[in-house]
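Engineer:
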Amino acid sequence: MSREEKARATLDSLLNAGCAVVAAEGYSDASVAKIADLAGVAHGTFYNYFEDRKALFNALLPYEGLRMREKIEQIARTAPPGVQREIVRFEAFLNYVIENEGFYRILYEAEIFAPEAHREHMDNIVNGYLGTFRRAMAENRIRRFDDQQLHCLIYQILGMRAYAAMQIHYAADQSEKLRIRDCSVEMYGLFFGQSLLQT
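The sequence shown maps to residues 52 to 250 in the numbering used here.
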């Protein structure tokens, strides 16, 4: 590998290790030593990439959030545009939460321990929805909303996602997680099926 490729691989290793340690132990117990050890690098190497632990924390959620979004959108694009695609997107998010148990902790502890990262992640999600809904309005596939209505709608959607993810996170076992997912998707479909987004 070139020097740039090696540097990128080391950075990815540190970010992946950071996600794994935070997912398992939380931000408060995620030390530089634990992250460097899991990444397989010397402790001093950590500081070639991040000024301190806080700098790593501020990179974790945008990194993991982008990975989540890419996987969800890959699945969502298999559904027809419009309401059905949004329902598929919601189910894909819940499946991601089920399959990546630590993501919930990375996301919701970030609001306290890495607020800049949390804000960046939320901006990325909101801007993604804004683009999707504005295209849909331009193509007359959904009702028209003004900018304030559109932002409120997106935050209502994110609220539904957040609390469904919370239910799944605290479920007793895998079978309960799957039942919550199925019921949540059904309720989400009813919500969107009442002509909220339809022309």
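Here a beta-carbon is modelled for each residue, glycine too, at the ideal position from N, C-alpha and C. The model shown is predicted, which means the values in this text are computed figures rather than measured ones.
Quick one: measure Cβ to Cβ for L158 and L112, integer angstroms, because I've assumed they're closer than 8 Å.
Structural biologist: Indeed, because the Cβ distance is near 6 Å, the residues count as touching under 8 Å.
Engineer: Give the straight-line distance between the Cα atoms of A68 and E115, rounded to the nearest whole angstrom.
Structural biologist: Spanning the two alpha carbons is a distance of roughly 11 Å.
Engineer: Need the endpoints of the alpha helix (DSSP H) that I123 sits in, please.
Structural biologist: That run of the alpha helix (DSSP H) goes R104 to A127.
Engineer: At the level of alpha carbons, what is the spacing between E56 and G240?
Structural biologist: So the two alpha carbons sit approximately 44 Å from each other.
Engineer: Is the Cβ-Cβ distance between A71 and L145 less than 9 Å?
Structural biologist: No, they are not a contact pair.
Engineer: To which residues of the same chain is Y147 closer than 7 Å at the C-beta, ignoring the five residues directly before and after it?
Structural biologist: Hits under 7 Å: M119, K122, I123 and F154.
Engineer: Specify the secondary structure class of M211 as computed by DSSP and reduced to three states.
Structural biologist: Three-state result, M211: helix.
Engineer: Please classify I163: is it buried, with 16 or more other beta-carbons within 10 angstroms of its beta-carbon, or exposed?
Structural biologist: Burial call: exposed.
Engineer: Answer yes or no: do E142 and F243 have a C-beta to C-beta separation smaller than 9 Å?
Structural biologist: No, Cβ-Cβ distance for E142 and F243 is not below 9 Å.
Engineer: Report the residue from Q199, D198 and T183 whose alpha carbon sits nearest the alpha carbon of R192.
Structural biologist: The shortest Cα separation from R192 among Q199, D198 and T183 belongs to T183.
Engineer: Under the three-state reduction of DSSP, which class applies to Y221: helix, strand or coil?
Structural biologist: Coil.
Engineer: Got a sec? Which residues, its chain only, sit under 8 Å from S53 by beta carbon, not counting five neighbours each side?
Structural biologist: Answer for S53: no residue qualifies.
Engineer: Does DSSP classify V83 as helix, strand or coil?
Structural biologist: DSSP places V83 in helix when its eight states are reduced to three.
Engineer: So what does DSSP say about V92, is it helix, strand or coil?
Structural biologist: Coil, per DSSP.
Engineer: Thinking K228 and I149 are a contact (beta carbons under 8 Å), I'd like their distance in whole angstroms, please.
Structural biologist: Contact holds; Cβ gap of about 5 Å.
Engineer: Which class does D198 belong to by DSSP, given the choice of helix, strand or coil?
Structural biologist: D198: helix per DSSP, three-state reduction.
Engineer: Assuming the contact rule is C-beta atoms closer than 8 Å, Y78 and F108 should be a hit. Round their C-beta distance to whole Å, please.
Structural biologist: Yes, they are in contact, since the Cβ atoms of Y78 and F108 sit about 6 Å apart, within 8 Å.
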